[in-house]
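Asks:
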Amino acid sequence: RAGYAMTRAIELAGLSPTDIDHINAHATGTTVGDVAESVAINNALGTHMPAVYAPKAALGHSVGAVGAVESILT
Numbered sequence: 302r303a304g305y306a307m308t309r310a311i312e313l314a315g316l317s318p319t320d321i322d323h324i325n326a327h328a329t330g331t332t333v334g335d336v337a338e339s340v341a342i343n344n345a346l347g348t349h350m351p352a353v354y355a356p357k358a359a360l361g362h363s364v365g366a367v368g369a370v371e372s373i374l375t
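Quick note on the numbering used here: the sequence shown kicks off at 302 and runs consecutively.
Written out as structure tokens, the structure reads:
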């Protein structure tokens with residue numbers, strides 16, 4: 302099921318979906334990937350929808366530097 306890993310991570314962290322206030326989405330701009338990710342987020346969080354940030358959509362995928370770039374932006 303889409304979102305199962307997110308749901309389990311939230312549970313194992315001792316949190317509930319309403320504790321999540323920000324999502325840094327992978328969101329590379331591909332139709333299949335972005336739809337799958339949004340379905341997974343919706344399945345994991347239900348009606349609670351935090352802010353979703355997608356830096357790759359604005360900046361492109363910086364490959365090896367993506368972790369550093371996203372840590373600065375978030």
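Don't be surprised by glycine CBs; every beta carbon is placed ideally from N, CA and C.
What you are looking at is a predicted structure, and each value in this text was computed from that prediction instead of being measured.
Mind listing, in chain order, the continuous alpha helix (DSSP H) runs of no fewer than 4 residues lying wholly within the region 303-345?
Replies: Segments of the alpha helix (DSSP H) lying fully in the region 303-345: 305-313.
Asks: Taking only the alpha-carbon atoms, compute the straight-line gap between Thr-332 and Ala-341 and give it to the nearest angstrom.
Replies: Spanning the two alpha carbons is a distance of roughly 14 Å.
Asks: Rounding to the nearest angstrom, what Cα-Cα distance links Asn-343 and Leu-374 in this structure?
Replies: Taking the straight line from one Cα to the other gives about 24 Å.
Asks: Please list the terminal residues of the continuous beta strand (DSSP E) segment that includes Glu-355.
Replies: The residue you asked about is not Glu; residue 355 is Ala in the sequence shown. Taken as a continuous stretch (DSSP letters only), Ala-355 belongs to no beta strand (DSSP E), as it is neither H nor E.
Asks: To which residues of the same chain is Tyr-354 closer than 8 Å at the C-beta, ignoring the five residues directly before and after it?
Replies: The answer, listed in chain order, is His-323, Ile-324, Asn-325, Ala-326, Leu-374, Thr-375.
Asks: Just how far apart, CA to CA, sit Thr-319 and Leu-360?
Replies: C-alpha separation (whole angstroms): 29 Å.
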